[in-house]
Amino acid sequence: MIIPNNIQNIVILTGAGISAESGIKTFRDQNGLWENHDIMEVASLDGFKKNPNLVFDFYNARRSQLQSENVAPNEAHKALATLESKFKGTVTIITQNVDDLHERAGSHNVIHMHGELLKMHCLKSLKVYSIKGKLTQSTICSCCRQAGNLRPHIVWFGEVPYQIDKIDEVLKSCDLFISIGTSGEVYPAAAFVSEAKNHGAITIEQNITPTKQSRQFDSQLTGPSTTEVPRLVKMILNP
Ligand SMILES: [Zn+2]
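My numbering puts the first residue of the sequence shown at -3, with every later residue one more than the last.
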């Protein structure tokens, strides 16, 4: 693989695969069920309206797991943070992950298109707040000083991903697009590779196995992201 030395703007899309070796369990590991509840009950606005306590419990459990001792950024997250700090141009990460492992590894320029576990927002003002502990129906919102107005800052099924305009903008000016640990089956993220290609970007896919999208990319790096991503970052920094 040859990476030209005139690259200015790198955009990296990351998915569940990059966090797989960080100790995080996703609901997909349990056959799409969480304590026998269908994922639609805990990850949709309808589900939230029907049973907010169940939805709060689901995200409280995931938030607490994310902050547990055995979850930490891995070599792939760390390599991307090194890339951001050492690369002469810009590096933007667009992540589908709701964890904070890119930030913990040291990345600053991260767009969380599917939201963040450690954030909540007010349904009335749409203001976003940090949350480390439990969010419940009785949590008081600091803007409206009322309980019952806060929800997890997570994009649920059927909702529009966050920061789509910003994403569009970075894809338009990107000259190297890298997809890491994502199956390419969830839209709109699955369309980013063709969008980047339309603007002339070179495209690289890194995944544990080939995906349905692999043929759309100029190059593929197949294998665990903890070994392949550091290798790729070295190639970019020392072309
Ligand atoms: Zn509020």
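In this text, a Cβ means the ideal position worked out from N, Cα and C, and glycines have one as well.
Examine ligand 1 and report whether any of its heavy atoms sits within less than 6 Å of the Cβ of residue i.
i: S126; result: no
Please classify residue i as buried or exposed, where buried requires at least 16 other C-beta atoms within 10 Å of its C-beta.
i: D161; result: exposed
i: M109; result: buried
i: S64; result: exposed
i: E155; result: exposed
i: F173; result: buried
i: P69; result: buried
i: M116; result: buried
i: T59; result: The sequence given here has Arg at residue 59, not Thr. R59 should be labelled buried.
i: G85; result: exposed
i: N203; result: buried
i: K21; result: exposed
i: N164; result: The displayed chain sequence assigns Asp, not Asn, to residue 164. Answer is exposed; the Cβ neighbour count stays below 16.
i: Q209; result: buried
i: T218; result: exposed
i: H73; result: buried
i: Q92; result: buried
Pull up the CB-CB distance for residue i and residue j, whole angstroms please, since I reckon it's below 8 Å.
i: V7; j: I90; result: 6 Å
i: V94; j: I150; result: 6 Å
i: Y125; j: S138; result: 7 Å
i: L167; j: E191; result: 5 Å
i: R147; j: L122; result: Their Cβ separation, rounded to whole angstroms, is 11 Å, which puts R147 and L122 out of contact at 8 Å.
i: N5; j: D171; result: 6 Å
i: V189; j: S175; result: 6 Å
i: G19; j: T178; result: About 19 Å; that fails the 8 Å criterion.
i: H33; j: L50; result: 7 Å
Please name the residue or residues paired with residue i in a DSSP beta bridge.
i: N5; result: T86
i: K115; result: S126
i: V106; result: I89
i: N203; result: T218
i: T10; result: T91 and I176
i: P148; result: M116
i: I136; result: A143
i: F153; result: S40
i: I20; result: DSSP lists no partner for I20.
i: I(-2); result: I(-2) pairs with nothing; no bridge assigned.
i: I198; result: L172
Would the C-beta of residue i count as close to ligand 2, meaning under 6 Å from any of its heavy atoms?
i: K230; result: With respect to small molecules bound, the structure shown includes ligand 1 and not ligand 2.
Kindly indicate if chain D contains any beta-carbon less than 7 Å away from that of residue i.
i: D53; result: No chain D is present in this structure, which holds just one protein chain.
* **Residues near ligand 1, criterion Cβ-heavy atom distance below 6 Å** => C118, K120, S121, C137, C139, C140 and N145
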